[in-house]
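Undergrad:
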Amino acid sequence: MAKKTAGRRQAARRGEPVGQKAASTFEQFSIPPLLVEQILLGPADDRRVLQDSPLLGDVWAAYAANPGAVQDLLITPRKDTSAADVAYEIAERLKSVPRAEGVQPGAKVAYLQGIVGAELHFNEVLRILVPLTQWWSQKGFKSRIEEVMRAKLARVLDPARFRQAGAKIPVPVARDRENFSSLERYIALAGLIYWMSRQPPPADGQLDRPDLETAFARYAPHIPEIVEGMFGLYEVVQQDSHAVAKAVRKTAKDRPKKKDNGLVFQVSLNRPASAALDRSVPAVMGDAAQTLFKVNCEAIVWAVLDSGIDGTHDAFMTPAPKKADRVSRVTRTLDFTRIREIVSNSANDVSQPDRERIADATGLGMKEIDDRLQAIAADADKKRPSNWDIVEELITLSKPPPPASPHGTHVAGIIGARRIGEHAGGMCPDIQFYDFRVLGRTLKDTEFAIIAALQYIRYVNERHNYITIHGANLSLSIPHNVRNYACGCTPVCNECERLIESGVVVVAAAGNHGFQKFETKDGSFESYAAFSITDPGNGDGVITVGSTHGGWPQTYGVSFFSSRGPTGDGRLKPDLVAPGERVMSTVPGQEWASESGTSMAAPHVSGAAAMLLARYEELIGQPRRLKRILCESATDLGRERSFQGHGMLDVLRAFQSI
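Written out as structure tokens, the structure is:
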């Protein structure tokens with residue numbers, strides 16, 4: 018037995034499958050989502066509401082869908098632990114754990130205030146992250162693991178449990194005959210994914226996605242191997258933890274004192290964000306307010322977190338007789354699409370092509386870039402906070418390339434385009450912009466990049482004794498995974514709340530999930546969807562904006578696509594609505610085009626907020642008071658409050674209410 022155990026340890030350390038026959042020709046496949054939920058949470062009508070492990074539901078789903086792939090994770094430290102400590106510990110432990118065969122080196126471990134990002138294989142999650150969690154470190158936990166019976170784990174995975182009486186194929190059962198603990202469910206599911214991740218991938222790289230019956234038939238003969246593999250891995254984890262912790266203590270005098278309580282609170286996916294897509298300004302009485310109150314927004318600066326603004330567009334240039342004398346009102350452009358690699362604990366995470374692109378866009382030489390990356394990595398190694406003075410030199414673009422998509426230019430145009438010919442322009446035609454590029458060419462990027470941009474705004478404002486950036490527009494959408502976080506308490510929502518508390522107005526799109534189409538066994542089913550507000554619109558202090566028709570809002574009410582509230586925890590959202598259908602605005606290349614979506618509604622409210630700040634300086638630094646003014650002065654459209662919020666934006670009435 019001792020000889021067998023030692024063999025399992027050596028195999029695991031080499032990155033080989035534990036408890037698996039060497040001659041296996043089994044190929045990886047995607048584990049069905051229904052099977053994941055059944056194992057982790059139980060049967061449909063007797064399901065546990067939440068799972069206990071620190072790996073949130075989206076993490077399980079991602080690894081089950083592609084067991085051998087690396088996943089980009091967001092790691093939340095314990096409340097009394099710094100993100101720098103957690104990032105340092107992960108990086109140190111990665112040195113002792115071999116990467117799985119075929120996985121590219123470099124986990125891109127990076128941290129911001131209160132959050133850590135890392136790209137990890139499932140093997141590394143089990144061997145590095147889980148042992149660092151508060152959950153793993155709780156008193157008596159290891160003895161509970163050691164008391165788990167192999168036979169019971171095998172029954173958790175047994176296809177017979179999924180077969181209803183008289184059914185010819187396995188389907189989710191109505192109720193388990195046997196009550197399994199949350200720990201047993203965790204070990205069983207982790208064992209299945211871990212075992213699957215060790216199988217060779219298909220030659221063409223395309224994983225099969227079998228139904229439940231086929232999945233059962235494939236893995237059922239290997240249940241004993243799966244169970245043995247987890248017990249073998251546990252022994253290796255125990256050895257790893259002692260050896261690595263001992264080595265790290267010798268090299269770091271400032272080790273966390275509360276090590277026994279764990280460093281990590283929970284682990285989620287680094288979620289992708291997508292864009293939430295000339296009569297609109299008069300519809301919200303913006304032109305009337307400009308005429309009556311003579312608002313000048315030249316001193317107001319608004320951040321647009323999006324795909325990028327074409328600052329060369331004539332609509333963003335200051336008026337001047339000579340074209341050469343015109344200056345862009347897009348005063349700064351910052352590229353956060355590579356922030357993850359830049360603030361990583363390894364300077365090598367920024368590839369050579371990316372270094373060349375940074376050099377072209379920033380004007381820095383290659384040696385200057387290398388020196389700064391090395392300095393950032395050295396700070397990470399010493400667990401220091403992010404040095405934005407250095408980071409901003411690598412993300413500030415002196416020669417911005419064309420935006421990745423027209424979305425950000427369109428959004429900025431609604432806020433502050435200057436009138437050009439027959440095009441009426443935006444809400445504040447003299448406002449200044451900060452262009453924060455967080456969405457890539459596919460209109461997707463990570464939650465990490467958006468959080469970094471929000472933290473940078475606080476950094477800019479805090480280095481002066483006055484507010485430099487007055488507001489931020491986030492016309493982007495991250496669907497809320499209800500099992501993972503309390504509504505409005507996701508990492509990006511929390512960061513928005515911190516920014517609001519610092520005195521910055523934050524405006525976000527409600528999302529475009531108000532109309533959904535489902536495929537059922539009886540065919541397609543289409544319906545309106547309540548509780549469909551997306552992040553960061555779920556944030557309490559955020560001004561969340563839904564969409565309405567620009568010309569006939571009283572007739573059409575809320576746009577069919579506009580996400581509806583209330584929030585998952587019962588708060589009123591959206592806060593108000595604004596025109597979001599076929600809104601005409603700027604796009605790159607001196608062009609104008611119409612777009613629809615709550616992305617187009619949100620910048621109307623950003624523009625209104627900027628006008629109020631410009632007219633009434635006492636509102637600067639008081640975003641909650643400004644939000645209350647906008648909401649209380651909105652025009653009631655006679656719709657359900659959870660559809661329209663307080664009603665349609667009315668800028669003139671907002672001015673008159675002060």
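Just so you know, we're using our numbering here: the sequence shown kicks off at 18 and counts up by one. Here a beta-carbon is modelled for each residue, glycine too, at the ideal position from N, C-alpha and C.
In whole angstroms, what is the alpha-carbon distance linking G183 and P71?
TA: Residue placement at G183 is flagged as unreliable, the pLDDT there being 42, under the threshold of 50; the coordinate-derived value follows with that caveat. Computed Cα separation, rounded: 37 Å.
Undergrad: From which residue to which residue does the beta strand (DSSP E) around G488 run?
TA: Start and end: 488 to 491.
Undergrad: According to DSSP, what are the bridge partners of R454?
TA: R454 pairs with D323, D352.
Undergrad: What is the rounded straight-line gap between the Cα of F46 and the Cα of R588?
TA: Cα to Cα, F46 sits roughly 41 Å from R588.
Undergrad: Short of 8 Å in beta carbon distance, which residues of its chain neighbour T565, apart from the five on each side in sequence? Order them along the chain.
TA: Contacts found: Y573, G574, V575, S576, S579, V594, A595, P596, G597, E598, A618, L654, Q661, M665.
Undergrad: With distances taken Cα to Cα, identify the nearest neighbour of Y236 among G208, W153, Y251.
TA: Y236 has its Cα closest to that of G208, out of G208, W153, Y251.
Undergrad: Apply the 10 Å Cβ neighbour rule to I48 and answer buried if 16 or more other Cβ atoms are within range, or exposed otherwise.
TA: With 16 or more other Cβ atoms within 10 Å, it is buried.
Undergrad: Extract the residue ranges of the beta strand (DSSP E) inside the segment 515 to 564, only unbroken runs of 3 or more that lie entirely within it.
TA: 522 to 526, 532 to 537, 540 to 545, all fully within the segment 515 to 564.
Undergrad: Contact between the segment 522 to 535 and the segment 356 to 364: three or more CB pairs below 8 Å?
TA: Output reads no: the segment 356 to 364 does not touch the segment 522 to 535.
Undergrad: Which one or two residues does DSSP pair with V604 in a beta bridge?
TA: For V604, which the question treats as bridged, DSSP gives the partners E608.
Undergrad: In terms of alpha-carbon separation, which member of D667, T329, G433, I326 lies closest to E315?
TA: The shortest Cα separation from E315 among D667, T329, G433, I326 belongs to G433.
Undergrad: Please state whether DSSP places I484 in a helix, a strand or coil.
TA: If DSSP states are grouped into helix, strand and coil, I484 belongs with coil.
Undergrad: Around the Cβ of N196, are there at least 16 other Cβ atoms within 10 angstroms (buried) or fewer (exposed)?
TA: With fewer than 16 other Cβ atoms within 10 Å, it is exposed.
Undergrad: Look at the alpha carbon of Q449 and the alpha carbon of V318, and state the distance between them as a whole number of angstroms.
TA: Taking the straight line joining both Cα atoms gives about 5 Å.
Undergrad: With which residues is T413 paired in a DSSP beta bridge?
TA: Paired residue(s): L351.
Undergrad: Quick one: complete alpha helix (DSSP H) runs, 4+ long, within the segment 347 to 399?
TA: Within the segment 347 to 399, the complete alpha helix (DSSP H) runs of at least 4 residues are 356 to 359, 369 to 379, 383 to 398.
Undergrad: Just grab the DSSP bridge partners of P419 for me.
TA: Bridge partners of P419: none, in fact.
Undergrad: Figure out for me which residue from Y473, E612, R215, H138 has the closest Cα to the Cα of E44.
TA: Nearest option by C-alpha distance: R215.
Undergrad: Determine whether the beta carbon atoms of L91 and L286 lie at a separation below 8 Å.
TA: Yes. Within cutoff.
Undergrad: Given A108, which residues of its chain have a CB within under 7 Å of its CB, disregarding the five upstream and five downstream residues?
TA: Closer than 7 Å at Cβ, skipping near neighbours: V126, N362.
Undergrad: Compare the Cα-Cα distances from G222 to each of L143, G134, Q256, G85 and report the closest residue.
TA: That would be G85, whose Cα lies nearest to the Cα of G222.
Undergrad: Around the C-beta of A19, are 16 or more other C-beta atoms found within 10 angstroms, so that it is buried, or is it exposed?
TA: Below a pLDDT of 50, predicted positions are generally treated as unreliable, and A19, at 44, falls in that range; the measurement from the model is reported next regardless. So A19 counts as exposed.
Undergrad: Tell me, please, whether the segment 363 to 374 touches the segment 429 to 446 by the rule of three or more beta-carbon pairs shorter than 8 Å.
TA: Short answer: they don't touch.
Undergrad: Just reading off the beta strand (DSSP E) that G7 is part of, what are its end residues?
TA: For the chain, the structure presents residues 18 to 675; residue 7 sits outside this window and is missing.
Undergrad: Any heavy atom of the ligand FAD within a distance shorter than 7 Å of the CB on N278?
TA: The ligand FAD is absent from the structure shown, which contains no ligand whatsoever.
Undergrad: Could you give the DSSP three-state label for Y633: helix, strand or coil?
TA: Three-state DSSP puts Y633 in coil, outside helix and strand.
Undergrad: What's the gap between the Cα of S602 and the Cα of Q88?
TA: Cα to Cα, S602 sits roughly 37 Å from Q88.
Undergrad: What separation, rounded to the nearest whole angstrom, lies between the Cα atoms of D175 and S544?
TA: The alpha-carbon atoms of D175 and S544 are separated by roughly 37 Å.
Undergrad: Checking the sheet assignment: what are the DSSP bridge partners for M334?
TA: Per DSSP, S345.
Undergrad: What residue range does the beta strand (DSSP E) around Q88 cover?
TA: Segment 88 to 94, the beta strand (DSSP E) holding Q88.
Undergrad: Span of the beta strand (DSSP E) holding Q673?
TA: From DSSP, Q673 is part of no beta strand (DSSP E) but of the alpha helix (DSSP H) over 668 to 673.
Undergrad: For A171, collect the residues of the same chain with a Cβ closer than 6 Å to its Cβ; drop the 5 residues on either side in sequence, then sort them by chain order.
TA: Closer than 6 Å at Cβ, skipping near neighbours: I240, V244.
Undergrad: In terms of alpha-carbon separation, which member of G382, I386, L351 lies closest to V367?
TA: Of the listed residues, the one whose Cα sits closest to V367 is I386.
Undergrad: Going straight from the alpha carbon of F158 to that of T231, what length do you get?
TA: The straight-line gap from Cα to Cα measures roughly 35 Å.
Undergrad: Could you pull out every residue in the same chain whose Cβ sits closer than 7 Å to the Cβ of V499, ignoring the five residues on either side in sequence?
TA: Taken in chain order, the residues that qualify are G585.
Undergrad: Where does M617 sit, in a helix, a strand or coil, going by DSSP?
TA: Reduced to three states, the DSSP call for M617 is helix.
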